[in-house]
Amino acid sequence: MKNWSDSLIEFSKVYLYIDGVRVKNLNGNCGILKINCNNQTFKIKLTLKSVDKSKLIFNNVDEMIKAGWVVD
Numbered sequence: 000m001k002n003w004s005d006s007l008i009e010f011s012k013v014y015l016y017i018d019g020v021r022v023k024n025l026n027g028n029c030g031i032l033k034i035n036c037n038n039q040t041f042k043i044k045l046t047l048k049s050v051d052k053s054k055l056i057f058n059n060v061d062e063m064i065k066a067g068w069v070v071d
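Next up, the structure:
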């Protein structure tokens, strides 16, 4: 199975907190991040660049990386 390099994962841990960052997944999908943050919650919304513009929600960057997403 394909895996991302340790250096790309560490790089992503820093830059996945930036609104509007382009991301890619191990399965070939890509998307754009939208960070939703207020005093009580932090959520990462990922809009896929596929035909249907599906959306995925993550609670934190580690959860997103475990799902195979990194900075493009």
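Its first residue numbered 0, the sequence shown is counted upward by one per residue in numbering that gives the first Met the number 0.
The C-beta atom is built at its ideal place from N, Cα and C for all residues, glycine as well.
As the structure is a prediction and not an experimental result, all values here were calculated from the model.
Practice prompt. Go through its chain and collect everything with a Cβ distance to Ile-17's Cβ below 8 Å, but skip five positions before and after it.
Written response: Leu-32, Ile-34
Worksheet item: Curious, which full-length beta strand (DSSP E) runs of at least 3 residues does the stretch 9-66 contain?
Response: 21-24, 29-36, 41-47, 54-57
Item to complete: Kindly indicate which residue of Trp-3, Leu-15, Val-60 has the alpha-carbon position closest to the one of Leu-25.
Response: Trp-3
Worksheet item: Ordered along the chain, which non-local residues of its own chain (more than five positions away) have a Cβ less than 8 Å from that of Ser-53?
Response: Thr-46, Leu-47
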